[in-house]
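Notes follow once the structure below has been shown.
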Amino acid sequence: MPLIPEEPQIHESAQGPRVTPAASRTAQTPRPVPGPRPAAVPRPGRPGPAARPAPQAAPAAGAVPPAATAPSVSTAVPQIQLIPASAEGALDAAEEAVDLLLDTGRAPGDILVLTTGELHPWAAHELSFGEAAYWALHDAADDVFYADATHVKRAAGRPVVVFAANGGPEEAAAANLPVALARAGALLIVCGDPQRIKSVLGAGV
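Start counting the sequence shown at 19; every next residue gets the next number (our numbering).
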């Protein structure tokens with residue numbers, strides 16, 4: 019059986035084994051690479067399937083089930099993937115990331131999406147029914163949940179957190195990004211300016 023050469027590392031991303039090299043893409047938003055899953059799950063809708071997360075195939079971060087508190091970084095260090103995007107394009111990049119995660123079999127309930135600027139349309143729509151109903155959807159954990167990054171401390175941990183730096187005060191984004199990392203059980207995908215992101219999370223990202 020022929021050997022498959024290892025794919026090159028990408029400096030702006032610490033990813034799982036199914037890496038698509040950023041150098042081979044010409045699109046503005048490189049596609050994220052979630053861990054492999056056995057079967058695809060349809061695009062989320064309410065209510066979505068409540069599938070159990072499967073373990074990631076990455077050596078540095080096994081999948082961690084959703085938790086009410088931040089995962090301990092001493093036992094599980096999530097992977098961090100950067101997707102370069104402008105403030106105007108960060109939300110679109112986050113949507114593409116979510117689509118790929120779902121297309122590769124990640125359960126909708128595994129994913130939390132945070133925005134620093136304008137709310138995602140789903141969040142704005144659900145909030146129109148009141149905060150109690152909105153957060154009840156979060157607690158059900160059976161679908162992708164979208165929230166303002168300023169509410170990250172209220173959100174429970176999920177295996178995958180997608181952080182869209184789509185505007186808003188830079189100080190708030192810088193303060194909430196480390197909390198988003200703590201909420202990510204296996205993978206944090208950040209869509210925004212790589213230099214600013216690295217300045218917050220560290221140059222080793």
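Idealized CB from N, CA, C, for every residue including glycine.
Just mark residue i as buried or exposed, buried being the case when its beta carbon has 16 or more other beta carbons within 10 Å.
i, result
"Gln213", "exposed"
"Arg172", "exposed"
"Glu106", "exposed"
"Arg70", "Residue confidence for Arg70 is low, a pLDDT of 43 falling below 50, so the modelled location carries little weight; the figure read from the coordinates is stated next. By the 10 Å Cβ count, Arg70 comes out exposed."
"Arg43", "Note that Arg43 has pLDDT 43, beneath the 50 cutoff, so the model's placement of it is unreliable and the number below is only indicative. Its Cβ having fewer than 16 others within 10 Å, Arg43 is exposed."
"Gly148", "exposed"
"Glu189", "exposed"
Just tell me which of the options has its CA closest to the CA of residue i.
i, options, result
"Ala193", "Ile215, Glu113 and Trp140", "Ile215"
"Asn184", "Ala150, Ala141, Trp140 and Ala111", "Ala111"
"Pro139", "Pro126, Glu113, Ile129 and Ala125", "Glu113"
One question on the structure: do residue i and residue j come within less than 7 Å of each other, judged by their Cβ atoms?
i, j, result
"Ala167", "Leu119", "no"
"Phe181", "Val208", "yes"
"Ala191", "Thr134", "yes"
Among residues of its own chain, excluding the 5 on either side of residue i, which ones have a beta-carbon nearer than 6 Å to its beta-carbon?
i, result
"Gly220", "none"
"His156", "Phe163"
"Leu109", "Ala182 and Asn184"
Excluding sequence positions up to five away, which residues of its chain have a Cβ less than 7 Å from the Cβ of residue i?
i, result
"Pro96", "Ala79, Leu199, Ala202, Gly203, Ala204, Leu205 and Leu206"
"Ile129", "Val116, Leu119, Val162, Arg176, Val178 and Val180"
"Val170", "Leu132, Asn194, Val197, Ala198 and Arg201"
"Asp186", "The identity of residue 186 in the sequence shown is Gly, whereas the question assumes Asp. Answer for Gly186: Thr134 and Gly135, listed in chain order."
Assuming residue i contacts residue j under a Cβ cut-off of 8 Å, what Cβ separation, rounded to an integer in Å, is found between them?
i, j, result
"Ala165", "Ala141", "6 Å"
Give every residue of the same chain whose Cβ lies closer than 8 Å to the Cβ of residue i, excluding the five residues on either side of it in the sequence, and list them in chain order.
i, result
"Pro196", "Val218 and Leu219"
"Leu145", "Leu137 and Tyr152"
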